[in-house]
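In what follows, a structure is listed as structure tokens, so that the remarks can point back to it.
There are 2 protein chains.
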Amino acid sequence: MSEVHAGRRSRLRAHASPNGDVAAVVSRPSNVRYLVGPAPAGAVLLVGHAGGDALFGHWDPAEDPVGPRLTDDEGPRVTVLDGDADPAQAAVRAAAEAGARAVAVEEHHLTVARHRALREAVPGTGFTDLGCAVERQRLVKDEDEIAALRVAAEITDRALGELLESILVGRTERHLALELERRLVDHGADGPAFPTSVATGSHSGLAGHRPTDRRVEEGDFLTVRLGARFRGYRCQIGRTFVIGTSPADWQIELYDVVFAAQRAAREALAPGAEYREVDRAAREVLSAAGHGTALGPVTGHGVGLEIGEDPRLSPAAMGRLGPCVPVTVEPGVHLPGRGGVRIDDTLVVRSSADGGPELLTITTKELLAL
Amino acid sequence: MSEVHAGRRSRLRAHASPNGDVAAVVSRPSNVRYLVGPAPAGAVLLVGHAGGDALFGHWDPAEDPVGPRLTDDEGPRVTVLDGDADPAQAAVRAAAEAGARAVAVEEHHLTVARHRALREAVPGTGFTDLGCAVERQRLVKDEDEIAALRVAAEITDRALGELLESILVGRTERHLALELERRLVDHGADGPAFPTSVATGSHSGLAGHRPTDRRVEEGDFLTVRLGARFRGYRCQIGRTFVIGTSPADWQIELYDVVFAAQRAAREALAPGAEYREVDRAAREVLSAAGHGTALGPVTGHGVGLEIGEDPRLSPAAMGRLGPCVPVTVEPGVHLPGRGGVRIDDTLVVRSSADGGPELLTITTKELLAL
Numbered sequence: 001m002s003e004v005h006a007g008r009r010s011r012l013r014a015h016a017s018p019n020g021d022v023a024a025v026v027s028r029p030s031n032v033r034y035l036v037g038p039a040p041a042g043a044v045l046l047v048g049h050a051g052g053d054a055l056f057g058h059w060d061p062a063e064d065p066v067g068p069r070l071t072d073d074e075g076p077r078v079t080v081l082d083g084d085a086d087p088a089q090a091a092v093r094a095a096a097e098a099g100a101r102a103v104a105v106e107e108h109h110l111t112v113a114r115h116r117a118l119r120e121a122v123p124g125t126g127f128t129d130l131g132c133a134v135e136r137q138r139l140v141k142d143e144d145e146i147a148a149l150r151v152a153a154e155i156t157d158r159a160l161g162e163l164l165e166s167i168l169v170g171r172t173e174r175h176l177a178l179e180l181e182r183r184l185v186d187h188g189a190d191g192p193a194f195p196t197s198v199a200t201g202s203h204s205g206l207a208g209h210r211p212t213d214r215r216v217e218e219g220d221f222l223t224v225r226l227g228a229r230f231r232g233y234r235c236q237i238g239r240t241f242v243i244g245t246s247p248a249d250w251q252i253e254l255y256d257v258v259f260a261a262q263r264a265a266r267e268a269l270a271p272g273a274e275y276r277e278v279d280r281a282a283r284e285v286l287s288a289a290g291h292g293t294a295l296g297p298v299t300g301h302g303v304g305l306e307i308g309e310d311p312r313l314s315p316a317a318m319g320r321l322g323p324c325v326p327v328t329v330e331p332g333v334h335l336p337g338r339g340g341v342r343i344d345d346t347l348v349v350r351s352s353a354d355g356g357p358e359l360l361t362i363t364t365k366e367l368l369a370l
Numbered sequence: 001m002s003e004v005h006a007g008r009r010s011r012l013r014a015h016a017s018p019n020g021d022v023a024a025v026v027s028r029p030s031n032v033r034y035l036v037g038p039a040p041a042g043a044v045l046l047v048g049h050a051g052g053d054a055l056f057g058h059w060d061p062a063e064d065p066v067g068p069r070l071t072d073d074e075g076p077r078v079t080v081l082d083g084d085a086d087p088a089q090a091a092v093r094a095a096a097e098a099g100a101r102a103v104a105v106e107e108h109h110l111t112v113a114r115h116r117a118l119r120e121a122v123p124g125t126g127f128t129d130l131g132c133a134v135e136r137q138r139l140v141k142d143e144d145e146i147a148a149l150r151v152a153a154e155i156t157d158r159a160l161g162e163l164l165e166s167i168l169v170g171r172t173e174r175h176l177a178l179e180l181e182r183r184l185v186d187h188g189a190d191g192p193a194f195p196t197s198v199a200t201g202s203h204s205g206l207a208g209h210r211p212t213d214r215r216v217e218e219g220d221f222l223t224v225r226l227g228a229r230f231r232g233y234r235c236q237i238g239r240t241f242v243i244g245t246s247p248a249d250w251q252i253e254l255y256d257v258v259f260a261a262q263r264a265a266r267e268a269l270a271p272g273a274e275y276r277e278v279d280r281a282a283r284e285v286l287s288a289a290g291h292g293t294a295l296g297p298v299t300g301h302g303v304g305l306e307i308g309e310d311p312r313l314s315p316a317a318m319g320r321l322g323p324c325v326p327v328t329v330e331p332g333v334h335l336p337g338r339g340g341v342r343i344d345d346t347l348v349v350r351s352s353a354d355g356g357p358e359l360l361t362i363t364t365k366e367l368l369a370l
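Shown next as structure tokens:
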């Protein structure tokens, strides 16, 4: 992986310093991870204007006797700081000493107070804004990243599949959520990609429902949303089931509508498609069925080292999908007091020559009666 | 509780605006929670220069059909925003419209980019730095807060006690950690206060160990660190046990040293004691036993709505403890390759007239052989 990381840093260097005299100081944790791999919490990366990349951070031997892991020859030099020293100040100082004309920092991550302390600590240095340059680099994934997402999705499907084989009636949302998280870890996840949501009965179909002590009952809709984190990469699946016997007519109708909306959005995923086109595809199906106002602000979003990355698939989003961009497609409808349906998948945008969108989360989307 | 919150906001108003003409805009989530109670994620609070407190945020009906919960008469007015609007901009605009001469913002929380957008969005407004005024208010806890911490500690003791009654040999660190978190929730926690750490054998005694697939074996030291979150308040306990048969001599010796260090620090907790005195009390015991370098940068820290609050009990910390400040005392020693011991408690500083430090986490600190 270190060659991959070195390549990413070279691209960032070329962007930040077209004339070869501006160093970049990266502080946002997911961006640091993207550019160097796993790093100590709070570590800050200097991408030097002429090479000499270096990582600055704190290392507590009581916490991690192995120490910073970036000690291979190809990785950046690691500097361990004492006490409360801000690693960003150490990085800026190193850039200044190496002769950088200016230092580009992440103004969307550094706080006002930290930025001011930085300017005061290293006076005479010019500061510019790196902006979201690293986030833009992260938008399109390479095959290593997609492979990690694929494993995350396999783990997620397996954890969900096992739950479906167990007895659900009478168990609480909290317990089901904890069991799913345990199964994710059992199957090799680093941990959950986001807090697992289990929503039954009148809670079903809510996007961000936090599990309660409500128990699963016969006749309920049951919505589960979970995802594994594997090598830092996060995927997402959401499914809605009906509990016991046969579903009621309103349940079948609502499920069919959400399923149709989700399929329409999935089918709209293609290189060159506008973000808002994908969103519109789902919204139109729901609107035609009288559920136009039930959908939240987004139909889906990018995933990667964070669970909510660019792009956002929403009515006002500007931009077009590219190949190798992984996104979720996750419409849902909740009917207050009754419940609802959500169906979430993680897919990778691919051209039709490459077989069209690659579905990572393959658990069936038939309406299962459990 | 709303009277309590109103009182806190009044104190902040008096601090931020001694002349009655500066509004405060609070964006840091734990500070917002302290001043209004549970609020939607990302909500921003305006503490008006002349009253008229108001909360600004986004509300997704698909996520929470009930809507913002702050609708009682005593709470601040809640304004729900559309789209991507920054709630901080709405709060600053409202302050300007209400005639505030200046607006004090949390420069240690707002990013440079967000602060710039704020100044551009509401031109003509004067901005000042609120600094850590709310964090300072949060340092000393009232009896409601301490009551919540007490319940969190009871839940934590109960979860740990149940684990100790079960068979541990052969189970993995990951499974034990997940089981502890499930038990916390079973007993009424909102969730874990921080990621539960279970460390066995050569991992034992590490402060921030993340659970692995290593299984508990006969003769191991087993270190567990966990805590419940209850009504937002977080406590912490850490204990080290020895597995099976009788402990080895080195285990008994190491345990006794860490126990003595922990006791020394606990006994140093008193109103008026310097932060670094408490730290020194533990460090001196460990140094005398030849483990002076094994201790991490802090011996303990404040707890409350966050797990790591002020004060820090460290060699360089400046300040003195006051009554009703809850802190952890958590020294530890890890011997690379062999393992180690950590013992963490949460206590509330009390004067000797009030009975001295109040121990919240009461699980025994005898060396148990399980």
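For the protein sequence lines, the chains are A and B, in the order given. Note that UniProt numbering has the first sequence beginning at 1, numbered continuously upward. Note that UniProt numbering has the second sequence beginning at 1, numbered continuously upward. Backbone N, C-alpha and C fix where the C-beta goes; we use that ideal spot for every residue, glycine too. Just so you know, these numbers come straight off a predicted model, no measurement behind them.
- Distance from the Cα of Gln137/B is smallest, within the candidate group Thr125/B, Asp82/B, Val329/B, Pro311/B, for Pro311/B.
- Assignment of Gly124/A by DSSP, reduced to helix, strand and coil, places it in the coil class.
- What His108/A touches in chain B, judged by beta-carbon distance under 9 Å, is Thr111, Val112, Ala113, Arg114, going in chain order.
- Contact between the region 134-151 of chain B and the region 309-327 of chain B is established, with three or more Cβ pairs separated by less than 8 Å.
- The C-beta separation of Ser27/A from Glu154/A comes to about 33 Å, leaving the pair out of contact by the 8 Å criterion.
- Cβ atoms of Ala24/B and Leu184/B stay farther apart than 8 Å, at about 35 Å.
- Along the region 116-179 of chain B, the alpha helix (DSSP H) occurs as fully enclosed runs of 4 or more residues at 133-139, 143-164, listed in sequence order.
- Annotation: Val216/A to His334/B spans about 45 Å, alpha carbon to alpha carbon.
- For Gly356/B, the CB contacts under 7 Å within the same chain, skipping 5 residues up- and downstream, are Arg350 in chain order.
- For the region 165-185 of chain B, the set of residues with a beta-carbon nearer than 8 Å to any beta-carbon of chain A comprises Arg174, His175, Leu178, Glu181, Arg182, Val185, in chain order.
- With its beta carbon less than 8 Å from one in chain A, Ala316/B belongs to the interface.
- Of the residues Arg231/A, Arg116/A, Ala177/A, Glu97/A, the one whose Cα lies closest to the Cα of Ala152/A is Arg231/A.
- Contact between the region 154-164 of chain B and the region 29-38 of chain B is absent, with fewer than three C-beta pairs closer than 8 Å.
- In this chain, Gly7/B is not harboured by any beta strand (DSSP E); it is covered by the alpha helix (DSSP H) spanning 2-16.
- Chain-ordered, the chain A residues with CB closer than 7 Å to the CB of Gly83/B read Ala316.
- Taken through DSSP and simplified to helix, strand or coil, Glu217/A comes out as coil.
- Looking at the backbone, the Cα of Leu149/A and that of Tyr233/A are separated by about 6 Å.
- Ile146/B counts as buried, since at least 16 other C-beta atoms from the protein chains shown sit within 10 angstroms of its C-beta.
- The alpha-carbon of Leu347/B is positioned some 7 Å away from that of Thr361/B.
- Close CB contacts of Ala289/B within its chain, under the 6 Å cut and outside five residues either way in sequence, are with Val257 (chain order).
- Excluding five sequence positions before and after Leu368/B, the CB atoms of its chain that fall closer than 6 Å to its own CB belong to Phe241, given in chain order.
- Cβ-Cβ separation between Thr328/A and Arg239/A: approximately 13 Å, too far for a contact (criterion under 8 Å).
- Nearest C-alpha to Val341/A among His209/A, Glu306/A, Leu305/A: His209/A.
- Inter-segment contact for the region 82-102 of chain A and the region 80-88 of chain B is absent: fewer than three beta-carbon pairs are separated by less than 8 Å.
- Counting only the Cα atoms, Pro326/B lies some 27 Å from Leu178/B.
- Take Ala91/A, set aside five residues on each side of it, and the residues of its chain with a beta-carbon closer than 6 Å to its own are Val25, Val44, Leu46, Phe56, in chain order.
- Within the region 266-345 of chain B, the complete alpha helix (DSSP H) segments at least 4 residues long are 275-288, listed from N- to C-terminus.
- Of Gly99/B, Ala98/B, Ala94/B, Ala353/B, the smallest CA-CA separation from Leu118/B is found for Ala94/B.
- Rounded to the nearest angstrom, the gap between the Cα atoms of Glu120/B and Arg229/A is 39 Å.
- The C-alpha of Gly322/B lies about 59 Å from the C-alpha of Gln251/A.
- In the DSSP assignment, Ser30/A falls within the unbroken alpha helix (DSSP H) covering 29-36.
- Per DSSP, Ala95/B is one residue of the alpha helix (DSSP H) stretching across 87-97.
- The three-state secondary structure of Leu254/A, taken from DSSP, is helix.
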